[in-house]
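Report on the structure given below.
In the working numbering, the protein residues as written are 8 to 181.
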């Protein structure tokens, strides 16, 4: 699969994606829609971003390219971690990135700092949204899923849309 950074400082830079079904990168159409929406609302400039189930890192790297100050990537799959680190090197954002190897649910309580935006693109069939969003300490949440996402009472949905087989929800903390 061929991936590229869509816009911003690293526009056009190629990203690697591992073979197989362990990682399911967001399509460029979905990434473009998400980041155009975040950018138009001024939510990326200077933001500290959390990329959960990071995979290739395409979401967090796109955020950095478009003005985020830093990104923390959480990923557990060894092949994805190798690819993620290579992609960070390829775009040259090493000084603005932190990679946390491990399970998202276990690592979230250990993460310190204030995050402006949390980007969540878990594997197909993920059904622990209520538990996940209750642990996220960010002002804005972007959730990508293969089915409807219920966020609970702490979040106001500001945009929800389906792109082919992907549901995207952008929400702000109440």
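For each residue, glycine too, the CB sits at the ideal point set by N, CA and C.
Please read all numbers here as calculations on a predicted model, not as lab measurements.
{"Query": "Burial state of residue 157, where buried means 16 or more other Cβ atoms lie within 10 Å", "Result": "exposed"}
{"Query": "For residue 163, three-class secondary structure by DSSP", "Result": "strand"}
{"Query": "Residue 147 - DSSP class collapsed to helix/strand/coil", "Result": "strand"}
{"Query": "Helix, strand or coil at residue 44 [DSSP, three-state]", "Result": "helix"}
{"Query": "Nearest-angstrom Cα separation, counted from residue 19 out to residue 99", "Result": "13 Å"}
{"Query": "Residue 123 in three-state terms, based on DSSP", "Result": "strand"}
{"Query": "Neighbourhood of residue 97 by C-beta distance below 8 Å, restricted to the same chain and skipping five residues each side", "Result": "20, 21, 22 and 23"}
{"Query": "Euclidean distance between Cα positions of residue 59 and residue 81", "Result": "5 Å"}
{"Query": "Exposure label - residue 160; buried when at least 16 CB within 10 Å", "Result": "exposed"}
{"Query": "Cβ neighbour criterion (16 or more within 10 Å) applied to residue 69", "Result": "buried"}
{"Query": "N-terminal and C-terminal residue of the beta strand (DSSP E) that residue 82 is part of", "Result": "77 to 82"}
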